[in-house]
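In this note's numbering, the protein residues as written are 616 to 924.
We put the beta carbon where it would ideally sit given N, CA and C, even for glycine.
Read through the structure below, which is laid out as structure tokens, and then see the notes.
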Amino acid sequence: MLETAFQDYTFQSPLMNASGVHCMTTEELNELANSKAGTFVTKSVTKQKRQGNPEPRYYETDFGSINSMGLPNLGFDYYLDYLKKHQKIASTPVFFSVASMNMQDNIETLKRLEDSEFRGFTELNLSCPNVPGKPQVAYDFETTEKILTEVFSFFTKPLGVKLPPYFDLVHFDQMATILNKFPLAFVNSINSVGNGLIVDTEKEQVVIKPKEGFGGIGGQYIKPTALANVRAFYLRLNPSIQIIGTGGITSGQDAFEHLLCGASMLQIGTQLYKEGTSVFSRVLSELEAIMDAKGYSRIEQFRGNLKTF
Ligand code: DHB
């Protein structure tokens, strides 16, 4: 019922983790592999191992989360080794998230991935908001186009981009025009809403240490923005570029809404952090119940079919 066609593959379900959550170590990745998620993505990987920002760097409330992790990860070789082993035993591909510390690192990492045996999807992260002094790349449209031009001059494996949220219809038009020039496999909308601030009223203090408390907001706070970005890109991108919907998915209803807006795959971040990998089976059974009640037996019967007045 929940099978999902994604490029040349079929996943058992549309759910997966959002990069950054539950995907740093071999143990966590194995738990994802053994969960009801249809596939999974690694933590965003930099050339070298990184410690990330000082703690506390993650905090959650009833409505979502704030984080400023600062790209802690175990380095390119660790994840490539893991994925090479995993693909020998797995029947469906997984996603390798590559982060953007600077243009040159990105290109070098992607060249190594191109030359490797890795056969899955690459998610190029153009939207990390948490490295002090480094702006979110995809808010600079000219740089985004330059990076993609360079990447597609040598990269031949399926690749998509993880975008930050946009808030202006003209920005959707401009970014979609750029993205449509490239043979992207997918666009993932959205990364966290960058540089929000959560205040602890009792302590009269910020809740995370890096960047004076500023950090990426996730969870229920961001669902309307996520849905808008999924919908806006679904309506503007070449149909060959599939959408991954990320942002505010805590229930089957949230998943249904993302699919109705046009998402193919769905990523869960904050709620996975809160609930662990059992979130996938719960959200899938809630989604199935909604589909049953509406008389749908396949996602294709409603994907993208959001009505307007
Ligand atoms: C981090 C956060 C992000 O939102 C992202 O896209 C990549 C990395 C982080 O702080 O580690």
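Nearest by alpha-carbon distance to residue i: which of the options is it?
i: residue 917; options: 895, 887 and 873; result: 873
i: residue 673; options: 845, 890 and 828; result: 828
i: residue 797; options: 719, 772, 842 and 812; result: 772
i: residue 715; options: 743, 782, 644 and 817; result: 743
i: residue 651; options: 883, 831, 906 and 921; result: 883
i: residue 903; options: 666, 866, 677 and 799; result: 866
i: residue 739; options: 860, 799 and 699; result: 799
i: residue 734; options: 700, 858 and 756; result: 700
i: residue 675; options: 892, 801, 886 and 625; result: 886
i: residue 748; options: 642, 801 and 825; result: 825
i: residue 792; options: 856, 823, 736 and 822; result: 856
i: residue 790; options: 812, 821 and 741; result: 741
i: residue 846; options: 720, 921, 818 and 767; result: 921
i: residue 889; options: 623, 621, 754 and 677; result: 677
i: residue 577; options: 708, 730, 638 and 668; result: With the chain covering only 616 through 924, there is no way to say anything about residue 577.
i: residue 642; options: 679, 900, 869 and 694; result: 694
i: residue 768; options: 754, 616, 795 and 725; result: 725
i: residue 696; options: 666, 671, 644 and 786; result: 644
i: residue 702; options: 727, 788, 909 and 731; result: 731
i: residue 862; options: 681, 710, 638 and 664; result: 681
i: residue 836; options: 698, 906 and 679; result: 679
i: residue 880; options: 815, 817, 838 and 801; result: 801
i: residue 830; options: 664, 666 and 671; result: 671
i: residue 766; options: 728, 812 and 811; result: 728
i: residue 839; options: 876, 810 and 819; result: 876
i: residue 774; options: 912, 638, 710 and 669; result: 710
i: residue 667; options: 646, 639 and 632; result: 639
i: residue 578; options: 823, 811, 757 and 788; result: Residue 578 lies beyond the range of the chain shown here (616 to 924); nothing can be said about it.
i: residue 723; options: 663, 821, 860 and 900; result: 663
i: residue 624; options: 901, 706, 669 and 665; result: 706
Determine which residues share a DSSP beta bridge with residue i and list them.
i: residue 679; result: 676
i: residue 739; result: 713 and 776
i: residue 883; result: 632
i: residue 812; result: 829
i: residue 620; result: 625
i: residue 857; result: 801
i: residue 820; result: 815
i: residue 645; result: In the DSSP output, where bridge partners are listed per residue, residue 645 has none listed.
i: residue 665; result: 688
i: residue 660; result: 713
Checking contacts by CB at 8 Å: is residue i closer than that to chain C?
i: residue 683; result: Among the protein chains of the structure shown there is no chain C, as only one such chain exists.
Taking buried to mean at least 16 other C-beta atoms within 10 Å of its own C-beta, is residue i buried or exposed?
i: residue 844; result: buried
i: residue 914; result: buried
i: residue 751; result: buried
i: residue 762; result: buried
i: residue 746; result: buried
i: residue 712; result: buried
i: residue 690; result: exposed
i: residue 704; result: exposed
i: residue 841; result: buried
i: residue 620; result: exposed
i: residue 634; result: buried
i: residue 629; result: buried
i: residue 654; result: buried
i: residue 717; result: exposed
i: residue 871; result: buried
i: residue 891; result: exposed
i: residue 878; result: buried
i: residue 908; result: exposed
i: residue 759; result: buried
i: residue 795; result: exposed
i: residue 910; result: exposed
i: residue 782; result: exposed
i: residue 737; result: buried
i: residue 785; result: exposed
i: residue 850; result: exposed
i: residue 616; result: exposed
i: residue 848; result: buried
Below 8 Å, how does it come out for the segment 659–676 and the segment 684–697: are there three or more Cβ pairs, yes or no? yes
Okay, do the segment 774–788 and the segment 806–822 touch, 3+ Cβ pairs below 8 Å being the bar? yes
Would you call the segment 885–901 in contact with the segment 640–650, where contact means no fewer than 3 C-beta pairs closer than 8 Å? yes
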